[in-house]
Structure formats: C-alpha cells, structure tokens
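This report refers to the structure that appears directly beneath it.
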Amino acid sequence: MESKDLFGVPRDRCPNPDAATAPAPASTGRRYGAAALDGTLAVFCAAISGLMYVLSLPASEAPPLTSGNLWLRVLVAGIGVSLLNQVLLGLLFRCSVGKLLVGTRVVRMADGGRPRLWQLLGRWIGGIAYGLTILPIGFFLGGSEAPPLDFAGVRIVKASVDS
2 MESKDLFGVP RDRCPNPDAA TAPAPASTGR RYGAAALDGT LAVFCAAISG
52 LMYVLSLPAS EAPPLTSGNL WLRVLVAGIG VSLLNQVLLG LLFRCSVGKL
102 LVGTRVVRMA DGGRPRLWQL LGRWIGGIAY GLTILPIGFF LGGSEAPPLD
152 FAGVRIVKAS VDS
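Per this note's numbering, the sequence shown starts with residue 2, numbered consecutively.
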C-alpha cells in the first residue's frame with residue numbers, strides 16, 4: 002500500500018524539503034537583523050506620515066497627541082508600509098528592504114522556489130502576531146535558544162549571487 006500525505010498525494014511525489022533545491026535557513030542574526038530593519042522602516046514611515054499630517058494643518062487647528070485621526074493615520078501608514086515591504090517586495094524580488102540589506106531572501110520551504118502571494122500574506126500576519134506577542138514574552142522570561150520560526154511554508158535563506 003502506498004503512503005499518502007494529509008491531502009492524499011502519494012509521498013514519493015511530494016517535494017522533498019531535504020533536497021538540494023531547498024536551501025538551508027539563514028542565520029538567526031541575519032533574520033533578526035532584517036526584521037529589525039523592516040520594523041524600523043515601518044515605524045519611521047508611520048512617524049513621518051503623522052508628522053506630515055500635523056504640519057499640513059494650520060497652527061490654530063493642530064491636533065493634540067491624543068487625537069484619534071492622528072493615531073489612525075500613523076497606524077494605517079505603518080501597516081501599509083509593512084504590508085508593501087514584506088508582501089509586495091517579497092513577491093516581486095523575494096526580499097524586503099531589510100532582507101536586501103542583510104543579504105537574505107524568502108523562498109518556498111518545499112522546493113526553494115518563488116513564494117506565492119497567499120504564503121507571503123500568511124507569513125506577514127504570522128510574523129506580526131509572533132513579533133508582537135510571543136517574542137516579547139520570551140525575551141521578558143529570559144529568552145530561548147530555539148531558532149526563529151518559518152511561517153506559511155516560507156523560509157528565509159541567505160541570498161546567493163546567482164539568484
């Protein structure tokens with residue numbers, strides 16, 4: 002009897018993640034460096050958006066720092082820049098700005114190919130959820146030696162010269 006995976010595909014026809022076409026993950030330092038650069042870019046663009054909003058108003062109408070409109074613009078700008086940077090640039094160039102600067106790229110975990118849109122969206126959502134919840138809790142509790150997680154079937158690998 003032939004062994005099948007969860008979706009009924011025979012195992013011998015499934016892509017082999019250990020094959021030579023599936024590159025090894027990038028180092029932890031490169032991965033966290035890219036995440037820090039991408040996060041800094043999103044926060045910087047969000048702050049610039051808020052500043053531009055405040056400067057566009059006359060001095061007599063300047064909003065207080067508790068203004069809902071101001072923080073909504075900042076939040077939308079930060080999320081928008083992060084989405085475009087991680088998903089759109091990942092789809093087009095296999096890397097975000099941070100990944101480009103540290104020399105990494107994203108590939109499909111199964112075969113090392115170009116990631117699909119739904120995978121990049123899932124990775125973006127999972128990365129935000131992980132980065133805003135689990136990572137700070139783990140850091141607060143003393144850290145962990147576990148490597149960073151790969152989300153949605155996408156792996157971060159060291160960029161090669163020929164790709």
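Cβ atoms here follow ideal geometry from the backbone N, Cα and C, with glycine treated the same way.
_Best match in SER61, LEU56, GLY34, GLY79 for proximity to PHE45 [C-alpha to C-alpha]_ = GLY79
_Out of PHE140, THR105, GLY144, which one is the CA nearest neighbour of ARG31?_
THR105
*When DSSP labels each residue in this structure, what does GLY29 get in the three-state scheme?*
The question names Gly, yet the displayed sequence has Thr at residue 29. It is helical.
*For my contact list, ASN86 and SER97 are in at a C-beta cut-off of 8 Å; report their separation, rounded to the angstrom.*
5 Å
*So, helix, strand or coil for LEU7, using DSSP?*
Because LEU7 carries a pLDDT of 46, less than 50, the predicted location of this residue cannot be relied on, and the following value inherits that uncertainty. LEU7 falls in the coil class under three-state DSSP.
*Exposed or buried, ASP112, counting other C-beta atoms within 10 Å across all chains shown (16 or more means buried)?*
exposed
_So, under 8 Å CB-CB, THR152 and GLY114 are touching, yes? Tell me the CB distance rounded to an integer number of Å._
Before going on, a small fix: residue 152 reads as Phe here, not Thr. No, PHE152 and GLY114 are not in contact; Cβ-Cβ is about 17 Å, not under 8 Å.
*Buried or exposed: SER161, going by 16 or more other Cβ atoms within 10 Å of its Cβ?*
exposed
*Take the Cβ of TRP125 as the centre, count every other Cβ of all protein chains shown within 10 Å, and call the residue buried at 16 or more, exposed below.*
buried
*Is DSSP giving ARG95 helix, strand or coil here?*
coil
*Within 10 angstroms of its Cβ, does MET53 collect 16 or more other Cβ (buried), or is it exposed?*
exposed
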